[in-house]
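Colleague: So for the sequence shown, our numbering puts the first residue at 202; every next one is plus one.
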Amino acid sequence: MEIDKPREHCGIIGIRTTKRINDLGFLLYQGLLALQHRGQSSAGITIVNKKNMRTISDLGFVKDVFDKTTLASLKGKFGIGHVRYPTAGVDLTIGIQPFVMQTRMMKIAIAFNGTIANYEQVRDFLMEEGYRFSHDTDTEVIGKLLDFGLEKEKGDMNKACKLLIENLDGAYSILITTSRGEMIALRDPLGFKPMCYGKTREGDFVIASETIGLTIVGAKPEGDVKPGEMLIVSEKSIKHKRLVKEEKIAHCMFEWVYFARPDAVMDGVSAYEAREKIGRALGRLFKERGYEANLVVPIPDSGRIAAIGFSKETKIEYSEALIRNRYVGRTFIMPRQAAREEAVKLKLNVMSNLVKGKKVVLVDDSIVRGTTSKGIIKMIRDAGAEKVYFAISCPKLIHPCFMGTDFPTERELIACGRTDEAIAELVGVDAIIYNTVPLLVNSIGFDLWPDNNNLCLACLTGNYSIKSPPSQGLCKRES
202 MEIDKPREHC
212 GIIGIRTTKR
222 INDLGFLLYQ
232 GLLALQHRGQ
242 SSAGITIVNK
252 KNMRTISDLG
262 FVKDVFDKTT
272 LASLKGKFGI
282 GHVRYPTAGV
292 DLTIGIQPFV
302 MQTRMMKIAI
312 AFNGTIANYE
322 QVRDFLMEEG
332 YRFSHDTDTE
342 VIGKLLDFGL
352 EKEKGDMNKA
362 CKLLIENLDG
372 AYSILITTSR
382 GEMIALRDPL
392 GFKPMCYGKT
402 REGDFVIASE
412 TIGLTIVGAK
422 PEGDVKPGEM
432 LIVSEKSIKH
442 KRLVKEEKIA
452 HCMFEWVYFA
462 RPDAVMDGVS
472 AYEAREKIGR
482 ALGRLFKERG
492 YEANLVVPIP
502 DSGRIAAIGF
512 SKETKIEYSE
522 ALIRNRYVGR
532 TFIMPRQAAR
542 EEAVKLKLNV
552 MSNLVKGKKV
562 VLVDDSIVRG
572 TTSKGIIKMI
582 RDAGAEKVYF
592 AISCPKLIHP
602 CFMGTDFPTE
612 RELIACGRTD
622 EAIAELVGVD
632 AIIYNTVPLL
642 VNSIGFDLWP
652 DNNNLCLACL
662 TGNYSIKSPP
672 SQGLCKRES
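Pasting the structure below:
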């Protein structure tokens with residue numbers, strides 16, 4: 202279900218091809234299809250053919266933006282692609298990428314995934330330097346800061362990107378292609394947003410948000426762009442350069458909990474394996490608290506792998522008693538709250554014969570506002586379940602995210618200021634079992650708790666890794 206979920210903002214891919222110049226558009230198209238789960242609002246591709254740059258982009262799914270004719274026109278040696286989620290309250294056409302601009306030195310196109318926390322300060326500085334802005338987007342700020350750096354450093358891309366990464370505070374992965382015939386990849390110093398690379402047998406070099414973006418076009422994953430690292434890909438070479446000294450790593454934990462495809466491997470950690478371990482951890486919590494059940498049911502599709510782990514740990518039967526209708530549109534955009542609640546029934550159907558008279562454990566990745574969860578739980582009860590428990594892969598979400606994940610405000614977060622018992626009563630379950638932060642960290646596996654140095658847990662703990670998060674409210678509710 203995509204209703205009432207945290208949303209990632211973007212997916213990006215870049216390809217330097219050697220022999221498949223005529224197929225570059227099709228290769229990028231394949232990559233974007235594989236990354237479609239990271240963004241479904243708009244899609245775009247920019248290719249560089251000699252000194253010419255061509256961009257095709259629009260609102261909609263990848264399959265709707267491109268056709269055989271447009272893809273056949275995208276010929277060249279370098280190209281970048283982008284898929285994006287919507288951001289409420291703005292003209293969606295403004296955020297379509299790649300973002301193309303003419304700098305004083307060259308023409309550039311940018312595909313950006315993330316959020317710049319000090320966006321306003323950087324924009325104000327650039328305006329003092331004489332720059333003017335057409336739109337209110339992070340991407341334009343990035344482009345004009347790069348323009349400033351290129352002029353200051355007399356066209357030296359290494360130094361311009363170093364200036365860029367030293368002055369941007371936030372979470373980001375950036376792909377840039379230029380009319381000079383090169384592709385640049387940048388990852389923020391915290392490594393918050395994922396970015397990996399690999400090569401095909403034909404010698405094509407591919408960079409993408411997830412490994413599936415590589416393998417879908419025949420590239421073998423070779424590694425991850427390191428936090429604070431820059432890759433410069435030219436026609437003849439690939440150069441790695443560390444632009445800032447690594448001080449702390451803060452990968453977004455939600456990549457392993459929910460955002461990435463299950464078949465993704467990010468920074469050496471399998472999303473599938475992490476989710477199964479998370480499910481096992483939830484199963485141990487369930488047993489420790491003395492609960493009993495005879496059916497484990499995932500909320501499709503995001504709860505499936507954790508539910509498998511839960512079932513393996515507890516020896517409780519696994520059953521896909523919730524069947525998803527894959528041909529219903531994106532129901533979270535429906536305008537009225539009542540319509541959104543009815544949309545749950547359009548998306549899911551309960552197999553009553555499987556749950557009737559059973560003690561059911563529902564498993565999902567997270568709970569944000571609780572609207573969708575409440576509707577699903579009611580459906581399970583109406584189908585005759587004797588008891589309903591709710592096991593959640595992610596610990597309580599109680600703080601906003603300033604690093605590119607679309608969360609509601611604190612007061613909208615169902616867990617903010619509420620006990621487990623209060624939340625269980627609100628959504629209509631007999632008990633709710635949240636994962637704990639230590640178990641989450643251990644399941645993902647970077648470090649053993651409490652020596653976590655590799656994951657961002659800000660939405661769970663309120664401890665932000667970026668230098669300048671916007672002012673934060675307190676997670677409190679009026680009595």
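Every residue gets a Cβ at the ideal spot worked out from N, C-alpha and C, and that includes glycine. This structure is a prediction, so every number in the text was calculated from the model and none was measured.
1) Using only CA atoms, which one of 225, 228, 641 and 298 lies nearest to residue 160?
2) Assuming residue 687 is part of the beta strand (DSSP E), what are its boundary residues?
3) Using alpha carbons as the reference points, say which of 502, 344, 505 and 510 lies closest to residue 481.
4) Leaving out five residues before and five after residue 557 in sequence, what residues of the same chain have Cβ atoms less than 8 angstroms from its Cβ?
5) If residue 420 and residue 215 are in contact, beta carbons under 8 angstroms, what's the gap, nearest whole angstrom?
6) Please go through the stretch 382-439 and give each complete alpha helix (DSSP H) segment of 4 or more residues, from N-terminal end onward.
7) Can you check which of these residues, 338, 336, 335 and 368, is closest to residue 349 by C-alpha distance?
8) Is it the case that the Cβ atoms of residue 172 and residue 406 are separated by a distance below 8 angstroms?
9) Between which two residues does the beta strand (DSSP E) containing residue 525 stretch?
10) Mark residue 319 as exposed unless 16 or more other C-beta atoms lie within 10 angstroms of its C-beta, in which case mark it buried.
11) How about residue 647 and residue 636: do their beta carbons lie closer than 8 angstroms?
12) Would you identify the three-state DSSP class for residue 362, choosing helix, strand or coil?
13) For the alpha helix (DSSP H) containing residue 473, name the first residue and the last one.
14) How is the alpha helix (DSSP H) around residue 595 delimited, first residue to last?
15) What are the boundary residues of the alpha helix (DSSP H) that residue 623 is part of?
16) Indicate whether residue 283 and residue 315 have their beta-carbon atoms separated by less than 8 angstroms.
17) Taking residue 411 as the reference, give the member of 438, 380, 402 and 457 with the closest Cα.
18) Should the stretch 362-377 be regarded as contacting the stretch 229-241, the criterion being three or more beta carbon pairs within less than 8 angstroms?
19) Is the Cβ-Cβ distance between residue 611 and residue 617 less than 8 angstroms?
20) When we look at the beta-carbon of residue 490 and count the other beta-carbons within 10 Å, is it buried (16 or more) or exposed?
21) Rounded to whole angstroms, how far is the Cβ of residue 564 from the Cβ of residue 507, which I believe are closer than 8 angstroms?
22) Between which two residues does the beta strand (DSSP E) holding residue 563 run?
23) Between which two residues does the beta strand (DSSP E) harbouring residue 664 extend?
24) Can you tell which of 357, 363, 429 and 294 has the C-alpha that lies nearest to the C-alpha of residue 338?
25) Give me, in chain order, the residues of the same chain whose beta-carbon lies closer than 8 angstroms to that of residue 662; leave out the 5 immediate sequence neighbours on both sides.
26) Which word fits residue 388, buried or exposed, when buried means at least 16 other C-beta atoms lie within 10 angstroms of its C-beta?
27) Going by the DSSP bridge assignment, what does residue 441 pair with across the sheet?
28) Excluding the 5 residues flanking residue 303 on each side, which residues of the same chain have their C-beta closer than 7 angstroms to its C-beta?
29) How long is the line joining the alpha carbons of residue 330 and residue 487, rounded to whole angstroms?
30) Over the uninterrupted alpha helix (DSSP H) stretch that includes residue 637, give me the two end residues.
31) Measuring alpha carbon to alpha carbon, tell me which residue in 463, 267, 545 and 397 is nearest residue 441.
32) Is it right to say residue 423 is buried, meaning 16 or more other beta carbons lie within 10 angstroms of its own, or is it exposed?
33) Between the Cα of residue 435 and those of 455, 444, 464 and 404, spot the shortest distance and give me the residue it belongs to.
34) Restricting to Cα atoms, I'd like to know which of 278, 437 and 591 is closest to residue 504.
35) Going by DSSP in three states, residue 336 sits in which element: helix, strand or coil?
36) Where residue 264 and residue 632 are concerned, what is the direct C-alpha to C-alpha distance, given to the nearest angstrom?
Modeller: Based on what the coordinates show:
1) What is shown of the chain runs 202 to 680, which leaves residue 160 out entirely.
2) Since the first residue of the chain shown is 202 and the last is 680, residue 687 is not available in this structure.
3) Taking the first residue of the sequence shown as 1, we reach residue 481 at position 280. Checking every option, the nearest Cα to that of residue 481 belongs to 510.
4) Looking up residue 557 in the sequence shown gives position 356. A distance below 8 angstroms between beta-carbons, with the five flanking residues on each side excluded, links residue 557 to the following residues of its chain, in chain order: 584, 585 and 586.
5) Reading the sequence shown from its first residue, position 219 is the one you call residue 420. Reading the sequence shown from its first residue, position 14 is the one you call residue 215. With 8 angstroms as the limit, residue 420 and residue 215 do not qualify as a contact, their Cβ atoms being about 11 angstroms apart.
6) You should have 412-416.
7) Residue numbering aside, residue 349 sits at position 148 when the sequence shown is read from its first letter. In terms of CA proximity to residue 349, 368 leads the group 338, 336, 335 and 368.
8) Outside the shown range of the chain, which is 202 to 680, sits residue 172, and nothing can be said about it.
9) Mapped onto the sequence shown, residue 525 falls at position 324. Segment 523-525, the beta strand (DSSP E) holding residue 525.
10) Within the sequence shown, numbered from 1, the residue matching residue 319 stands at position 118. The C-beta of residue 319 has 16 or more other C-beta atoms within 10 Å across all chains shown, which makes the residue buried.
11) Your numbering for residue 647 matches position 446 in the sequence shown. Your numbering for residue 636 matches position 435 in the sequence shown. Taking C-beta atoms as the reference points, residue 647 and residue 636 fail to come closer than 8 angstroms.
12) The sequence position of residue 362 within the sequence shown is 161, counting from 1. Three-state result, residue 362: helix.
13) Sequence index remark: in the sequence shown, residue 473 carries index 272 (1-based). Its alpha helix (DSSP H) spans residues 472-489.
14) Residue numbering aside, residue 595 sits at position 394 when the sequence shown is read from its first letter. For residue 595, there is no enclosing alpha helix (DSSP H), as DSSP marks it with neither H nor E.
15) Residue mapping note: residue 623 aligns to position 422 of the sequence shown, counting from 1. Per DSSP, residue 623 belongs to the alpha helix (DSSP H) from 621-628.
16) Position 82 of the sequence shown, counting from 1, holds the residue named residue 283. Position 114 of the sequence shown, counting from 1, holds the residue named residue 315. Not a contact, by the Cβ cut-off of 8 angstroms.
17) Stepping through the sequence shown from its first residue, residue 411 is reached at position 210. Comparing Cα-Cα distances from residue 411 to each of 438, 380, 402 and 457, the minimum goes to 457.
18) Touching, no.
19) By 1-based counting over the sequence shown, the position of residue 611 is 410. By 1-based counting over the sequence shown, the position of residue 617 is 416. Less than 8 angstroms divides the Cβ of residue 611 from the Cβ of residue 617.
20) Taking the first residue of the sequence shown as 1, we reach residue 490 at position 289. Exposed.
21) Position 363 of the sequence shown, counting from 1, holds the residue named residue 564. Position 306 of the sequence shown, counting from 1, holds the residue named residue 507. With 8 angstroms as the limit, residue 564 and residue 507 qualify as a contact, their Cβ atoms being about 5 angstroms apart.
22) For the purposes of this step, residue 563 is identified with residue 362 of the sequence shown, where counting begins at 1. According to the DSSP assignment, residue 563 belongs to the beta strand (DSSP E) that extends over 560-565.
23) Indexing the sequence shown from 1 puts residue 664 at position 463. Per DSSP, residue 664 lies in no beta strand (DSSP E) segment and is marked neither H nor E.
24) Here the question's residue 338 lines up with position 137 in the sequence shown. Among 357, 363, 429 and 294, the Cα nearest to that of residue 338 is on 294.
25) Residue mapping note: residue 662 aligns to position 461 of the sequence shown, counting from 1. Same-chain partners within the cutoff: 600 and 638.
26) The residue given as residue 388 occupies position 187 in the sequence shown. The residue is buried, with at least 16 neighbouring Cβ atoms inside 10 Å.
27) Stepping through the sequence shown from its first residue, residue 441 is reached at position 240. Per DSSP, 432.
28) If you number the sequence shown from 1, residue 303 lands on position 102. Counting only residues of its own chain and dropping the five nearest sequence neighbours on each side, residue 303 has no CB closer than 7 angstroms to any other CB.
29) In the sequence shown, the residue the question calls residue 330 occupies position 129. In the sequence shown, the residue the question calls residue 487 occupies position 286. Residue 330 and residue 487: Cα-Cα distance of roughly 59 angstroms.
30) The count along the sequence shown starts at 1 and reaches residue 637 at position 436. That residue, residue 637, is in no alpha helix (DSSP H); it is neither H nor E in DSSP.
31) Position 240 of the sequence shown, counting from 1, holds the residue named residue 441. Closest option to residue 441, Cα to Cα, is 397.
32) What you label residue 423 is simply residue 222 of the sequence shown in a count that begins at 1. Of the residues assessed, residue 423 falls on the exposed side of the cut-off, its CB having fewer than 16 other CB atoms within 10 angstroms.
33) Counted from its first residue, the sequence shown places residue 435 at position 234. Residue 435 has its Cα closest to that of 404, out of 455, 444, 464 and 404.
34) Taking the sequence shown and counting its residues from 1, one reaches residue 504 at position 303. Cα-wise, what sits closest to residue 504 is 591.
35) Here residue 336 refers to the residue found at position 135 of the sequence shown. DSSP places residue 336 in coil when its eight states are reduced to three.
36) As a position in the sequence shown, residue 264 is number 63, starting the count at 1. As a position in the sequence shown, residue 632 is number 431, starting the count at 1. In a straight line, the C-alpha of residue 264 is about 42 angstroms away from that of residue 632.
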